[in-house]
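> Pasting a structure below so you can have a look.
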Amino acid sequence: MTLHWPDEAATAAFAARLAQLPGTAAAFIALHGDLGAGKTTLVRHLLRALGVQGRIKSPTYAVVEPHRVDAREPALDAWHFDFYRFDDPREWEDAGLRDLFASPGLKLAEWPAKAGALLPVPDLDIAIAPRDDDSRDATVTARSALGRTLLQGLAP
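To convert, take the position in the sequence shown, counting from 1, and add 272; that gives our numbering.
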């Protein structure tokens with residue numbers, strides 16, 4: 273599915289739709305795009321729509337930022353990964369990332385190609401490409417049964 277987001281409000285609306293779909297809280301979503309494409313902006317809107325309170329910062333230097341929404345029933349655990357600075361597969365084991373990906377909850381990964389084969393297959397791939405007019409094109413691709421269900425729920 274290819275979408276056009278003319279402005280940040282359209283990105284927020286997409287994130288709100290995704291947040292409402294059953295299964296999103298258990299998905300692994302891989303985000304692709306150049307620096308400044310809007311990956312972190314999409315993550316922030318999605319986490320806000322899911323009920324995350326407080327500051328949502330980019331995990332560029334920390335590799336992962338955990339989030340928890342206790343107000344949901346059941347509570348939601350979400351992890352926002354940024355593998356941009358990821359250079360050594362040993363970092364994966366040292367940081368306990370295998371355990372995080374094996375646990376329940378939402379996983380959002382920017383720059384997943386930097387982690388290569390260490391990552392499981394994502395449920396959804398979202399590739400964001402900015403246009404010259406500051407709008408964005410987003411290509412959403414399902415890679416699993418859950419991803420196909422989510423994609424069907426996102427269809428206009």
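For each residue, glycine too, the CB sits at the ideal point set by N, CA and C.
Let me know if residue 302 comes out buried or exposed under the rule of 16 or more other beta-carbons within 10 Å of its beta-carbon.
buried
> Give, in chain order, every unbroken run of the alpha helix (DSSP H) that is at least 4 residues long and sits entirely within the region 345-406.
361-366 and 369-374
> Alpha carbon to alpha carbon, how far is residue 275 from residue 378?
22 Å
> Specify the secondary structure class of residue 327 as computed by DSSP and reduced to three states.
coil
> To which residues does DSSP link residue 306 through a beta bridge?
DSSP lists no partner for residue 306.
> For the alpha helix (DSSP H) that contains residue 413, what are its first and last residues?
First-last for residue 413: 408-414, but that is the beta strand (DSSP E), not the alpha helix (DSSP H).
> Taking Cβ positions, are residue 344 and residue 326 nearer each other than 8 Å?
no
> How long is the line joining the alpha carbons of residue 358 and residue 341, rounded to whole angstroms?
27 Å
> Taking only the alpha-carbon atoms, compute the straight-line gap between residue 286 and residue 386 and give it to the nearest angstrom.
Roughly 26 Å between the two C-alpha positions.
> Looking only at its chain, what residues have a beta carbon closer than 6 Å to the beta carbon of residue 413, apart from the 5 residues adjacent to it on each side?
397
> Taking all protein chains shown into account, do 16 or more other C-beta atoms lie within 10 angstroms of the C-beta of residue 278, making it buried, or fewer, making it exposed?
exposed
> By the three-class DSSP mapping on this structure, what secondary structure does residue 335 have?
coil
> How about residue 395 and residue 419: are their beta carbons less than 8 Å apart?
Taking 8 Å as the cut-off, the Cβ atoms of residue 395 and residue 419 count as close.
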